[in-house]
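First to last, the sequence lines map onto chains A, B, C and D.
Everything in the first sequence is counted per the numbering used here, starting at 1 for the first residue and increasing by one.
Everything in the second sequence is counted per the numbering used here, starting at 1 for the first residue and increasing by one.
Everything in the third sequence is counted per the numbering used here, starting at 1 for the first residue and increasing by one.
Everything in the fourth sequence is counted per the numbering used here, starting at 1 for the first residue and increasing by one.
Let me begin by presenting the structure, written as structure tokens, before commenting on it.
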Amino acid sequence: METIKLTIDNKPVEVPKGTSILHAAKGAGIHIPTLCFFKLGDMPIENRPGGCRVCVVEVQGRRNLAPACVTDVTEGMVVKTHTIRALNARKTVLELILSDHPTDCLVCAKSGNCELQTLAQDMGIRKLHYEGEQSHYREDTSPAIIRDMDKCVRCRRCEMMCNDVQTVGVLSGINRGFMSVVSPAFEMNLDHSVCTYCGQCVAVCPTGALTEVDHTNAVIRALADPSKTVVVQTAPAVRAALGEEFGLKPGTLVTGKMVAALRQLGFDYVFDTDFAADLTIMEEGTELLNRLTQFLAGDKTKLPILTSCCPAWVKFFEHQFPEMMDIPSTAKSPQQMFGPIAKEYFAKKIGVERKDMVVVSIMPCLAKKYECSRDEFSHNGSPDVDYSISTRELANLIKQANLEFDALADEDFDKPLGESTGASVIFGTTGGVIEAAVRTAYELHTGNKLPKVDFEELRGLAGIRSATIDFGGLPINIGIAHGLGNARKLLEDIREGKSTFHAIEIMACPGGCIGGGGQPLHHGDFSILKARQEALYREDAGKPIRKSHENPFIIELYKEFLGKPLKLIYINPSHPEE
Amino acid sequence: MHLLVCGGTGCKSSASDTIVENLKAELEHNSLEDDVQVIMTGCFGFCEQGPVVKVMPDNTFYVRVTPGDVKELVAEHIIKGRKVRRLLYENPETKEPVSDSKHMGFYRKQIRVALRNCGFINPENIDEYIARDGYSALAKALGELSPQQAIDIIKKSGLRGRGGGGFPTGIKWELTSKFEADQKYVVCNADEGDPGAFMDRSVLEGDPHSVIEAMAICGYCIGASKGLVYIRAEYPLAIERLKIAIKQAQEYGLLGLDILGSKFSFDISLRYGAGAFVCGEETALIHSMEGHRGEPTVKPPFPAESGYMKKPTVVNNVETYANVPVIFNKGADWFASIGTEKSKGTKVFALAGKINNVGLIEVPMGTSLKEVIFEIGGGIKNNKEFKAVQTGGPSGGCLTSKHLDTPIDYDNLIASGSMMGSGGMIVMDEDDCMVAMARYYLDFTVDESCGKCSPCRIGTMRLKEILDKIIKGDGTMEDIDRLRNLSSVIKDSSLCGLGQTAPNPVLSTLDNFMNEYLAHVKDKKCPAGRCKSLMIYKVIPENCVGCTACARNCPVNAISGERKQTHFIDTSICIKCGACIERCKFNAIVIN
Amino acid sequence: MTKVKSLADLKKMQEDLQAKLKVRERGTDPEGYVRIKVAMATCGIASGAKGVMEFLIDELDKRNIDTLITQTGCMGYCYAEPTIEVTLPNKEPVVFGYVDIRKADEIIEKYIKNGEFVEGIIPVNYESIDNN
Amino acid sequence: MSSIKVELKQCEIDKIKEICQSFNNEPGELINVLHKAQGHFGYLPAEVQEEIALELKISVAKVYGVVTFYSFFTMLPKGLHPISICTGTACYVRGAEKVLDEFKRILNIQVGDTTKDGRFSLSCLRCVGACGLAPVVMIGEKVYGRVSPDGVKDILNEYS
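Okay, here's the thing in structure tokens:
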């Protein structure tokens, strides 16, 4: 590989051709501050509009300062990152940005986690020399996301996520000059747009401009209400990331501590969405087999089947591929399967009326907030799931309850809705749902025991993956996509009749739920996603039961309550009131 | 026989009116009034040696004529047919008197190269262009030169981009020619955006074929078969004429497939600007042509490598292209013989503002500001005092009398704190406030900033706010320091040329007119009397006769006083509209 | 319209057209046409050049003066718009500025008919490259 | 950008389709399409932008982003006689501001507004390139040069 030699702050550096000053400096242990720059892990996507100008450095012989993030190194380049000229420019630029930013840091949702705040601290800004008019925009509150564009720094990361990564196309730079900002068309509210609430914009926003709708107070009120039985369900991906909010290493599994914390918070029953994930596999797996049978009988329209457990993905195809609505599975998502099971089955079991039960879900996701607010998921105005809070909000609740998270002793989920298999744990990562489905579908279809439950060929972090699984002589082609942009490619193939897949798993967020919009911010560092993913596979490997259909409580649920699968379908939702 | 007397403002101020009267009287005296006609003309552009009298048809050119010379002129020249040698113009080099003005072309400060056909041919008729050597440069390139040889001619000519930056055109073409690609593009930037500049519009309206021909030559040089003109939608006439010209060129086969049997194919289509000054920046322009918001991107990659549709692209402006065919027809050496060492050829300027001869002029590089303003431009309107000339539009600066002798070229203008820009030249007089001028340009930049980078988006707003504060009389000395620091940071750290040059109007006025800033900040006065907040309207009791005209016309009833008594203006109510001053016939109201 | 197919074609065409144009510009046309060019760029049109051109066309026709009137681009004298250039047979072109209808009438009556100059002449103040 | 709501008739939708097709429904031609659409409708209401987005297969947000970037595009219908005051430098130094103030005063509207009767709308524009005639005002296609504040009333009277 061709390399380039240069010096940065008097240090000789040699890097491959095409490296930016920013990366070259990083390799030499020199950390140049950035704001708009954002690199999404291993994906070939980088946000470097060169707009914020916080990373400007002095390059010998150049007329003006160079933005380090978007200037490639050249042979013999002499870079100085902290001359008085560069420092003054950087500080002045930051002061300018702060001069068009509200100073309500103390009560900002992003405080402590705000990149702008950190920059101001690191650069020792103590006074704003340039104050003046600030740009103001209407605040926009949707079921999942709050946009407070007064806090926008025009880094355009959200725009990049929404358009380039997710291809949803809700956001665009609008207006010009001082009043330019990122917004949906006509500055409409997000809930009037085709936004999927995937929350990836929130996940990358450096400031408090994009935040989740916070339900922690509602949860606290419910917990404090003695007339309510409050049930909580925790999604698979939460346990692999929650620890990061308390300073634990990425990939630390905190399932036991999380259960302990939830109990301490006062939840009456601590259950697991994993249980519902096993249920999903039963429903979706059965549907897959039914459709496979019809497919093999000659009805080629029956396959591929697409997973439907990701609400952002569901909303995406509702808006973008309305003519293909019969392709996805009709199964509800685990969160929404859990709701009615808790309120109709479990509540009866413990003698609590539906109206006195509150179901809270802890999700790595913001779209789940929207999902539980959908009309079809409520019964006479009472939602199946009352509140969905993100991993970040849970961490906040735990902090508010003065719990020393790290010191909590591990505890177990309650029964019966807390019992789950290894198959359901891996729902939290890309490839996990389809692997869980394959484990069950294989055995149900062939009637044979799987020789090996781990399907390495379905794992990984590549945006689009495929594998062929031998179902006892019947080759089943599996496709996997995460990130809606990748999903779009697979869908377009289907529309054009080019797809050869029988089953496709789709997750809206890069990495799947481990990279969800409600997770602790990973700042584009895919090593964090990898660590979370490995943690989930570890938990799966350590489970005594690793196939959904072998979950004894699931078997009992069907026996006692549901009867046969295909009751928890998505479209025309019918409540299991038998 | 005709006697043409210069009626330009300069000559008029040195009694050319009297000369006309005297001439007429003298002719009448000699009963020659029917044979010889005295005509007052427009400006000869020779104010330096005015008043000027030209005798037709023999083209005798008399300079520094006084009313006292009239008798001799008539007696000698008209009656006896002998030229008055002492009044003849002297060749500055040979010191010889020049009797026939046909041989004194050099007095003319202007040479029309880019504008050679403007006002000469019918722009809607390709035949007239062809008759003026049109398309022979293209024919020469296609028939006799390799692309590299053609590029070498442009390089040798020393032509630099006329759009502002002054990048050598030949090098730009050469760079683009070296990148391999299945398609390349030739782009003409006709989104002339500097307020006060209209040379590109004039070229397209007056000589569209020269741009078309040059673009085709460029296409041949770099290996492009497609040309695009990015033109302001606000220029309907230029668009119309360009469309006609393209159609005619296509009909003649001078655009299209296999031009002049050379196997070279080239065609041109139009893209419209939509009112965004930043699209003058080439990357922003390219994004706009692709249907995006006109936001610039960081260079490199330069358009030469990755431009329109990510293909190698040359972007030049209209005036640059207009020079190209001449270079081929007259030779690179000829072109390089005009101008200064580093800036070759001529430059078109749009001369406007407080100047007598507002107009479009073209002078060799190296001409001084003085020659442009006081000779070609005929000096300052209404005999006011020259204060400054603004060049380079919102990216340029205000130059003062100390710069008048500076030869105009790219490098000198930058060294003086301004820039060439596209060629707007706005002249200001004593009534113009330089702080308000700086604010005017910042207002423009704030409006036109795309908003992509922070220093430009927020910084220009803050600059404007500080200037507003100073204009209102609330400025402090710290504000002046803040203006300086902020300006230097915006220049140093903005993404594109718009931001990098936006502070120039502030910096150049700070450098050249600090006294005006100080007057606003310290004395709370606007020396030019232009900043309303700093004006106080007062009645001079000695002059006021109590006619009540002012009070009756005051829209806010700020003036009180009995009839035939001295009036009084309540400054707390006064809105400084100036209605009272206009109505007062006794000069009894003044502004402090 | 015929296509110009080769370099030779263009040269031939150029010669023909140049000859024609020379006739026109130098006013050596045996027919003795008067040539008028009206500066019709945006500035000129905004100042009323169109009206002046229409007036000239109508009036010269009415007054039986054979004239060839064409439009052209900006002559550069923005301060004096509308501007027109009049070339009488065998004479040098003369540019007139501030030409409104009244002035146009005066130009027809005095200059075109009798060769008498009228006020408003704008001396050509630039060098054309043809002379170099 | 403020806007008004309209309902497109079928023939208007067809017109938009026709405009888009004339540019081969090429997303890169968005600005040309918007020019033509504005030429036809006089302005670009949200509904027109949505239809264009649909035809060119790009997001509405993107269309809106482009519309709001360029000052030539408007989402509000202009007055019957749109008045544009040139605020280019030449006009500025020759008193365009005072002329603008006079228009504002007489029409009792601000820049960007339309009079209640819909007859006049007021806007500023960059240089029209008629600096020799500064200050310049355009009403519709007609250019008025060397306008003084006193002359504003007479100009407006031409349209009453």
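No residue lacks a Cβ here, since even glycine has one placed at the ideal position from N, Cα and C.
Within the region 313 to 359 of chain B, the alpha helix (DSSP H) runs of at least 4 residues that lie entirely inside it are, in chain order, 318 to 330, 332 to 336.
Interface residue (Cβ-Cβ distance to chain D less than 8 Å): P312 (chain B) is not classified as such. Taking a Cβ-Cβ threshold of 7 Å, none of the residues of chain B is close to R146 (chain D); the smallest such distance is about 11 Å. Residue burial is scored here from C-beta neighbours: S494 (chain B) has at least 16 other C-beta atoms within 10 angstroms and is therefore classed as buried. Residues of the same chain with a CB within less than 7 Å of the CB of R457 (chain B), apart from the 5 flanking positions on each side, are S449, G451 in chain order.
Taken in chain order, the unbroken stretches of beta strand (DSSP E) that lie wholly in the region 99 to 143 of chain D and span 3 residues or more are 120 to 125, 137 to 139. Q121 (chain A) is classed as exposed because its beta carbon has fewer than 16 other beta carbons within 10 Å across all chains shown. The alpha-carbon separation between A24 (chain A) and R63 (chain A) amounts to approximately 21 Å. DSSP assignment within the region 503 to 572 of chain A yields the following whole beta strand (DSSP E) runs of 3 residues or more, N-terminal first: 503 to 507. In this structure P16 (chain A) is exposed. Its beta-carbon is surrounded by fewer than 16 other beta-carbon atoms within 10 angstroms. In this structure, A:G485 is the residue among A:A66, A:G485, A:E287 with its C-alpha nearest to the C-alpha of M507 (chain A). Only residues of its own chain outside the window of five on either side were considered, and among them A39, T83 have a CB closer than 6 Å to the CB of M75 (chain C), listed in chain order. Rounded to whole angstroms, I338 (chain B) and P325 (chain B) show a C-alpha spacing of 16 Å. The beta carbon of V372 (chain B) sits closer than 8 Å to those of K109, F349, L351, I361, V363, I408, M425, all from its chain and outside the five residues before and after it, given in chain order. Residue ranges of uninterrupted beta strand (DSSP E) with 3 or more members, entirely inside the region 499 to 548 of chain B and ordered along the chain, are 537 to 539. Runs of the alpha helix (DSSP H) lying entirely within the region 105 to 148 of chain B, each at least 4 residues long, are 126 to 131, 136 to 144 in chain order. By the C-beta density criterion, Q400 (chain A) is exposed, having fewer than 16 other C-beta atoms within 10 angstroms. Boundaries cannot be given for Q565 (chain B), as no alpha helix (DSSP H) includes it and DSSP labels it neither H nor E.
Look at S368 (chain B) here: in three-state DSSP terms it is strand. Burial check for D194 (chain B): the Cβ neighbour count within 10 Å reaches 16 or more, so the residue is buried.
Assigned with DSSP and collapsed to three states, D267 (chain B) falls in strand. Cβ proximity to chain D below 7 Å picks out P184, A185, F186 from the region 181 to 208 of chain A.
Not a single CB atom of chain D sits nearer than 8 Å to the CB of D492 (chain B). In this structure, G463 (chain A) keeps its C-beta atom at 8 Å or more from the C-beta atom of A436 (chain A). Non-local beta-carbon contacts of L444 (chain A) in its own chain, meaning distances under 8 Å to residues more than five positions away in sequence, involve G285, T286, L289, H549 in chain order. Leaving aside the five residues that flank M1 (chain A) on each side, the residues in its chain whose CB is nearer than 8 Å to its CB run, in chain order, P16, K17. In this chain, the alpha helix (DSSP H) harbouring G432 (chain A) covers 432 to 446.
In the displayed model, A224 (chain B) falls within coil according to three-state DSSP, outside both helix and strand. Per DSSP, the unbroken beta strand (DSSP E) holding C86 (chain D) starts and ends at 81 to 86.
The criterion of a C-beta distance shorter than 8 Å is not satisfied by Y220 (chain B) and P296 (chain B). Distances from the alpha-carbon of P27 (chain D) to those of D:V6, D:E47, D:V66 put D:V66 closest.
A distance below 8 Å between beta-carbons, with the five flanking residues on each side excluded, links K50 (chain C) to the following residues of its chain, in chain order: M40. At a cut-off of 3 residues, the continuous stretches assigned as beta strand (DSSP E) that sit fully inside the region 97 to 151 of chain A are 145 to 147. For K54 (chain B), the secondary structure class from DSSP, reduced to helix, strand or coil, is strand.
The bridge partners DSSP lists for H2 (chain B) are B:Q37, B:M56. In chain order, A284, G294, E295, P296, E448, S449, C450, C496, L498 place their CB closer than 8 Å to the CB of V278 (chain B), counting only its own chain and leaving out the 5 sequence neighbours on each side.
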